[in-house]
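Here the structure is laid out as structure tokens; the discussion comes afterwards.
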Amino acid sequence: MAVLLAIESSCDETAVAIVRGSVGRPAEVLASEVFSQIELHREHGGVVPELASRNHSLRLRGLVEKALNDAGVEIGEIDAFAATTGPGLASSLLIGSTAAKAMACATGRPFLGINHLEGHLLSPFLDRTSVPAHVALIVSGGHTLLLDVEGQGCYRRLGGTRDDAAGEAFDKVGKMLGLAYPGGPEIEMAARTGNPEAYPFPRSMLHDAHLDFSFSGLKTAVLYTLQREGGLGDIHDLAASFQQAVIDILVGKTLRAARLTGRSLVGLSGGVSMNRALREALREACAKAGYDLVTAVSDFCTDNAAMIGFAALLRHLAGGESSLDDDIHPNLPLV
Ligand code: KG4
Ligand code: ZN
Numbered sequence: 003m004a005v006l007l008a009i010e011s012s013c014d015e016t017a018v019a020i021v022r023g024s025v026g027r028p029a030e031v032l033a034s035e036v037f038s039q040i041e042l043h044r045e046h047g048g049v050v051p052e053l054a055s056r057n058h059s060l061r062l063r064g065l066v067e068k069a070l071n072d073a074g075v076e077i078g079e080i081d082a083f084a085a086t087t088g089p090g091l092a093s094s095l096l097i098g099s100t101a102a103k104a105m106a107c108a109t110g111r112p113f114l115g116i117n118h119l120e121g122h123l124l125s126p127f128l129d130r131t132s133v134p135a136h137v138a139l140i141v142s143g144g145h146t147l148l149l150d151v152e153g154q155g156c157y158r159r160l161g162g163t164r165d166d167a168a169g170e171a172f173d174k175v176g177k178m179l180g181l182a183y184p185g186g187p188e189i190e191m192a193a194r195t196g197n198p199e200a201y202p203f204p205r206s207m208l209h210d211a212h213l214d215f216s217f218s219g220l221k222t223a224v225l226y227t228l229q230r231e232g233g234l235g236d237i238h239d240l241a242a243s244f245q246q247a248v249i250d251i252l253v254g255k256t257l258r259a260a261r262l263t264g265r266s267l268v269g270l271s272g273g274v275s276m277n278r279a280l281r282e283a284l285r286e287a288c289a290k291a292g293y294d295l296v297t298a299v300s301d302f303c304t305d306n307a308a309m310i311g312f313a314a315l316l317r318h319l320a321g322g323e324s325s326l327d328d329d330i331h332p333n334l335p336l337v
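Each residue of the sequence shown is one higher than the one before, starting from 3 at the first, in this note's numbering.
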């Protein structure tokens, strides 16, 4: 049985988790603390990197102590320390990875540097003994990625966004509509009472044979509509029509990916997977086509350290370890 402490600090969430597991048994999340800095960044309309890193460093020690306390574990009982080392904001990544390295150094235990996207990718399978072959759609604030997954550590890129990430599009359109940051949850709420067919926004690249995405044309279409209507448009209809366009693109491409790869299981992860309309549309489309859909539980959709701890646990149990001299990588690719 191995017990790991993991830190996530790639953007504006400071998170610490303690995860326990052994080969062939599902992992247990003994503690998962998340301090969201959303309120701090809201007045700036987006994440301010220096504010983020300073607050990671202010919060981290307290969160580590709380996680150990909640899990009922002493620091000396931790078998390995993990942290996100990329992709993300350089100054934010440095805080979490340096803290994890320091604890590893002080206790003489190994350190594991984890790719944030692998954390998201594995999050739907946290309660399983292994990671099954599947098609993975990762939709977050910084990334939109389709992958063919053979098993843990065996990933093939099928497609990704050529411009904005899905979450980024939600956040930018939210701003245009005068909604608070982050725009994703605000748009979802506004869309509930809107007509998704009110505005015929473009579904860019939906019918192209490749599996890439583009959301900038959609974002511009919303902007032009707003300019044309001079603020007279119905915000609920605009939000619902925009959200529906994003959903149609994501669902269409994911089903094509499943068809092309022959996989019968789809995994959905990342902050945008909090969106209920997206989950329901993908679930319905998968059921119709005979595929199963697995999503992360809502606590583990947006940034958290449990997913980093789970990715680290699988690697640790397989004998993996990172060097204390390893750097952080703001643009670290997954494949
Ligand atoms: O995975 P995440 O917490 O951070 C990154 O790795 O980027 O994702 C954050 C993104 C933000 O863009 C946010 O607007 C979006 O997830 N998001 C949503 C919803 N909740 C969060 N987008 C659409 N609908 C939601 N309910
Ligand atoms: Zn994320």
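No residue lacks a Cβ here, since even glycine has one placed at the ideal position from N, Cα and C.
field: Close Cβ partners of residue 133 (< 8 angstroms) along its chain, the five nearest in sequence each way excluded
entry: Answer for residue 133: 124, 127, 151, 153, 154 and 316, listed in chain order.
- request: Taking only runs that begin and end inside the stretch 263-334, name each unbroken alpha helix (DSSP H) of 4 or more residues, in chain order.
  value: Qualifying alpha helix (DSSP H) stretches, in chain order: 278-291 and 308-319.
- request: Measure from the alpha carbon of residue 218 to the alpha carbon of each residue in 168, 293 and 89, then state which is nearest.
  value: Answer by Cα proximity: 168.
- prompt: So, helix, strand or coil for residue 173, using DSSP?
  reply: Helix.
7 angstroms CB neighbourhood of residue 117 in its chain, flanking five on each side removed: Cβ within range, chain order: 88, 334 and 336.
query: Which partner residues does residue 146 have in the DSSP bridge list?
result: Partner(s): 141.
task: Determine the extent of the beta strand (DSSP E) in which residue 21 is found, giving its start and end residues.
output: Secondary structure note for residue 21: its beta strand (DSSP E) is the uninterrupted segment 15-23.
- prompt: Using a Cβ-Cβ cut-off of 6 angstroms (strictly less than) and excluding sequence neighbours within five positions of residue 72, which residues of its own chain qualify?
  reply: By the criterion of a C-beta distance shorter than 6 angstroms, residue 72 is surrounded in its chain by 33, once the five residues flanking it on both sides are discounted.
Distance between beta carbons of residue 84 and residue 326, contact taken as under 8 angstroms: With 8 angstroms as the limit, residue 326 and residue 84 do not qualify as a contact, their Cβ atoms being about 13 angstroms apart.
Start-end ranges of the beta strand (DSSP E) lying completely within the stretch 75-159, minimum 3 residues: DSSP runs (the beta strand (DSSP E)) wholly in the stretch 75-159: 82-88, 113-117, 136-141 and 146-153.
With 16 other Cβ atoms within 10 Å as the buried cut-off, status of residue 299: Counting the other Cβ atoms within 10 Å of the Cβ of residue 299 gives fewer than 16, which makes it exposed.
query: Between residue 137 and residue 259, which are expected to be in contact by the criterion C-beta below 8 angstroms, what is the C-beta distance as a whole number of angstroms?
result: The Cβ separation is near 5 angstroms, so the contact holds.
query: Between which two residues does the alpha helix (DSSP H) carrying residue 190 extend?
result: 185-193 is the extent of the alpha helix (DSSP H) around residue 190.
query: Quick one: any contact between the stretch 283-303 and the stretch 206-215, if contact means 3 or more CB pairs under 8 angstroms?
result: Taking 8 angstroms as the limit for Cβ pairs, the verdict is that the stretch 206-215 does not touch the stretch 283-303.
query: Hey, is residue 272 close to the ligand ZN, as in C-beta under 7 angstroms from one of its heavy atoms?
result: Result yes, Cβ under 7 angstroms from the ligand ZN.
query: Where does residue 38 fall in DSSP's three states?
result: Residue 38 falls in the strand class under three-state DSSP.
task: Ignore the nearest five residues each way along the sequence and tell me which others in residue 66's own chain have a CB closer than 6 angstroms to its CB.
output: Close CB contacts of residue 66 within its chain, under the 6 angstroms cut and outside five residues either way in sequence, are with 18 (chain order).
query: Quick one: is the Cβ of residue 1 within less than 7 angstroms of any heavy atom of the ligand KG4?
result: With the chain covering 3 to 337 only, the question about residue 1 has no answer from this structure.
query: Can you list, in chain order, the residues of its chain whose CB lies under 7 angstroms from that of residue 201, leaving out five sequence neighbours each side?
result: Only 227, 239, 240 and 243 meet the Cβ criterion.
message: So, at 7 angstroms on beta carbons, what are the nonlocal neighbours of residue 246 in its own chain, with the 5 sequence-adjacent residues on each side left out?
response: For residue 246, same chain residues with a beta-carbon under 7 angstroms away, outside a window of 5 residues either side, are 198 in chain order.
message: Can you tell me which residues fall inside 5 angstroms of the ligand ZN, judged by beta-carbon distance to its nearest heavy atom, and keep chain order?
response: Checking every Cβ against the heavy atoms of the ligand ZN under 5 angstroms gives 142 and 305.
- prompt: Do residue 11 and residue 86 have their C-beta atoms closer together than 8 angstroms?
  reply: For residue 11 and residue 86, yes; Cβs fall inside 8 angstroms.
message: To the nearest angstrom, how far is the alpha carbon of residue 38 from that of residue 14?
response: Residue 38 and residue 14: Cα-Cα distance of roughly 6 angstroms.
task: Would you check whether the ligand KG4 has a heavy atom nearer than 7 angstroms to the C-beta of residue 122?
output: For residue 122, the Cβ falls inside the 7 angstroms cut-off from some heavy atom of the ligand KG4.
task: For residue 36, I'd like the list of residues in its chain whose CB is within less than 6 angstroms of its CB, leaving aside the five on either flank, ordered along the chain.
output: Contacts found: 15, 17 and 306.
field: Under the three-state DSSP convention, the category residue 220 falls into
entry: Correct three-state label for residue 220: helix.
field: For residue 191 and residue 176, the rounded distance between their alpha carbons
entry: Rounded to whole angstroms, residue 176 to residue 191 spans 11 angstroms at the Cα level.
query: Comparing alpha-carbon positions, which option in 99, 130 and 56 lies nearest residue 27?
result: The residue with the shortest Cα to Cα distance from residue 27 is 130.
task: Flag residue 172 as yes when its Cβ comes closer than 7 angstroms to any non-hydrogen atom of the ligand KG4, and as no otherwise.
output: At least one heavy atom of the ligand KG4 is nearer than 7 angstroms to the Cβ of residue 172, so yes.
field: Sequence-distant residues of the same chain with beta carbon closer than 7 angstroms to residue 59, five excluded per side
entry: The residues are 97.
task: For residue 57, verify whether its CB is less than 7 angstroms away from any heavy atom of the ligand KG4.
output: Checking every heavy atom of the ligand KG4 against the Cβ of residue 57, none is found closer than 7 angstroms.
- prompt: What is the rounded straight-line gap between the Cα of residue 30 and the Cα of residue 265?
  reply: A direct Cα-to-Cα measurement between residue 30 and residue 265 gives close to 28 angstroms.
field: Which residues DSSP lists as bridging residue 249, in chain order
entry: Assignment of beta-bridge partners to residue 249 by DSSP yields no partner.
message: Suppose you measure from the CA of residue 64 to the CA of residue 144; what does that come to, to the nearest Å?
response: Answer to the nearest angstrom: the Cα atoms are 27 angstroms apart.
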